[in-house]
Amino acid sequence: MLVLFLVVLSFFASGTAGAAEPYGWKYVVVPGDTLWKIGVRFGVPLQAMINANPQLSNPNVLQVGMQIYVPYKPSAFVDGMFPLKKGTYEPYTDNYGDGRTWSPDGSGPVRTHDGVDIFAPKWTPVYSAWSGTVIRKGWNEYGGWRLTVKADDSTVFYYAHLAGYASGLSVGSTVRKGQLIGYVGDTGYGPVGTSGLFRPHLHFGIYKTPEWKAIDPYPYLRWWELLQT
Ligand SMILES: [Zn+2]
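Structure below.
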């Protein structure tokens, strides 16, 4: 009975830790500090300061000497939007760079995972993280139903494994930040229409053009997530 209790306890403890895992550097509070003042000093909105410090029982009251987290801020796209709404997805990790083996001909050479997977129930709405122009829409053997949006002259955002698209989108369409673009799904890893070979999730990627070199989207996602209200 005790063993069962401990197993259950550790399950909840690890679940909580996963959700609240801090993402930032430690700052020691000095006299006169408030979260707002610290945020202003480091260019971090108050909402992000509050969200980055869930351990604070009262964000309005800081004690001198206590440690808080100042979230890491990406160098670009700081006003972006997390592509899934708060509470609709599971805690995620930085799985960019992990090994992946599926390939169209089944030869399965190990390639690296060039995005971050965010697990969520099928048909969870997906929103554009940034305003831009749709440059690719349709089936890709790896990404299934995918949407590629040009965010600026050297950056594209990639949304893959979608169950379906928002209506009215086609190549050349302009999308606004926060606009519904599609739905989480489990499509891909085969010919057109293949689905169900893995758990539904959004694969989000960022590529630098014209080389289409993948960069790690995790720092952007973590920052955008902290901007959520
Ligand atoms: Zn992925």
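The sequence shown maps to residues -19 to -1, 1 to 210 in mature numbering (1 follows the signal peptide of the UniProt record, and there is no 0).
For glycine and all other residues, C-beta sits at the position ideal for the given N, C-alpha and C.
Keep in mind the model is a prediction, meaning the values are calculated, not measured.
Which residue's Cα is closest to the Cα of G169: I116, Y140 and W205? Taking the first residue of the sequence shown as position 1, residue 169 is located at position 188. Distance from the Cα of G169 is smallest, within the candidate group I116, Y140 and W205, for Y140.
Tell me which residue opens and which closes the beta strand (DSSP E) that V125 is part of. Here residue 125 refers to the residue found at position 144 of the sequence shown. Checking the displayed sequence, the identity of residue 125 turns out to be Gly instead of Val. Where G125 is concerned, the enclosing beta strand (DSSP E) stretches over G125 to D133.
Tell me the DSSP bridge mates of H184? Taking the first residue of the sequence shown as position 1, residue 184 is located at position 203. In DSSP, H184 forms a bridge with D98 and A141.
Between the segment 31 to 47 and the segment 56 to 69, do three or more beta carbon pairs fall short of 8 Å? With the cut-off at 8 Å, the segment 31 to 47 and the segment 56 to 69 do not touch.
Do you know offhand how far G89's Cα is from L16's? The residue given as residue 89 occupies position 108 in the sequence shown. The residue given as residue 16 occupies position 35 in the sequence shown. Across the structure, G89 and L16 are spaced so that their CA atoms are roughly 49 Å apart.
Would you identify the three-state DSSP class for R22, choosing helix, strand or coil? Along the sequence shown, one-based indexing puts residue 22 at 41. The three-state reading of DSSP puts R22 in helix, counting H, G and I together.
Should V59 and W204 be called a contact, given that it needs their Cβ atoms to be closer than 8 Å? For the purposes of this step, residue 59 is taken as the residue at position 78 of the sequence shown. For the purposes of this step, residue 204 is taken as the residue at position 223 of the sequence shown. A contact, by the Cβ cut-off of 8 Å.
Who are the Cβ neighbours of Q44 in its own chain at under 8 Å, not counting the five residues just before and after it? In the sequence shown, residue 44 corresponds to position 63, counting from 1. The residues are V10.
Let me know the secondary structure DSSP gives R117 once reduced to three states. Walking along the sequence shown from the start, residue 117 turns up at place 136. In the structure shown, R117 sits in a strand (DSSP, three-state: E or B).
Taking the beta carbon of R127 as the centre, do at least 16 other beta carbons fall within 10 Å, making it buried, or is it exposed? Position 146 of the sequence shown, counted from the first residue, corresponds to residue 127. By the 10 Å Cβ count, R127 comes out buried.
So which of V165, D98 and V137 has the shortest CA-CA distance to G113? On the sequence shown, position 132 is the one that residue 113 refers to. Here the closest residue by C-alpha is V137.
Where does R203 sit, in a helix, a strand or coil, going by DSSP? Walking along the sequence shown from the start, residue 203 turns up at place 222. In the three-state scheme derived from DSSP, where H, G and I count as helix and E and B as strand, R203 is classed as helix.
Is G80 near ligand 1, going by C-beta to nearest heavy atom under 7 Å? Counted from its first residue, the sequence shown places residue 80 at position 99. With a cut-off of 7 Å, the C-beta of G80 is classified as distant from ligand 1, since no heavy atom of the ligand falls inside that distance.
Can you give the Cα-Cα distance for D133 and G163, rounded to whole angstroms? Indexing the sequence shown from 1 puts residue 133 at position 152. Indexing the sequence shown from 1 puts residue 163 at position 182. Computed Cα separation, rounded: 21 Å.
Cβ of K103 within 8 Å of Cβ of G166? The residue you call residue 103 lines up with position 122 of the sequence shown. The residue you call residue 166 lines up with position 185 of the sequence shown. Contact: yes.
Indicate whether I116 and V152 have their beta-carbon atoms separated by less than 8 Å. Numbered from 1 along the sequence shown, position 135 holds the residue referred to as residue 116. Numbered from 1 along the sequence shown, position 171 holds the residue referred to as residue 152. In contact: I116 and V152 (Cβ atoms closer than 8 Å).
Return yes when at least one heavy atom of ligand 1 lies under 7 Å from the C-beta of D167, else no. For the purposes of this step, residue 167 is taken as the residue at position 186 of the sequence shown. No, Cβ of D167 sits at least 7 Å from all heavy atoms of ligand 1.
Is it the case that the CB of D98 approaches a heavy atom of ligand 2 more closely than 7 Å? Looking for ligand 2 in the displayed structure turns up nothing; the ligands present are ligand 1.
Measure the CB-CB distance between H94 and D79 and report whether it falls below 8 Å. Reading the sequence shown from its first residue, position 113 is the one you call residue 94. Reading the sequence shown from its first residue, position 98 is the one you call residue 79. A contact, by the Cβ cut-off of 8 Å.
Taking only the alpha-carbon atoms, compute the straight-line gap between S56 and P85 and give it to the nearest angstrom. Here residue 56 refers to the residue found at position 75 of the sequence shown. Here residue 85 refers to the residue found at position 104 of the sequence shown. As the crow flies, the alpha-carbon of S56 is around 36 Å from that of P85.
Could you check whether N32 and L207 sit closer than 8 Å to each other, using their CB atoms as the reference points? Working through the sequence shown from its first residue, we reach residue 207 at position 226. Working through the sequence shown from its first residue, we reach residue 32 at position 51. It is a contact, given that the beta carbons lie within the stated cut-off.
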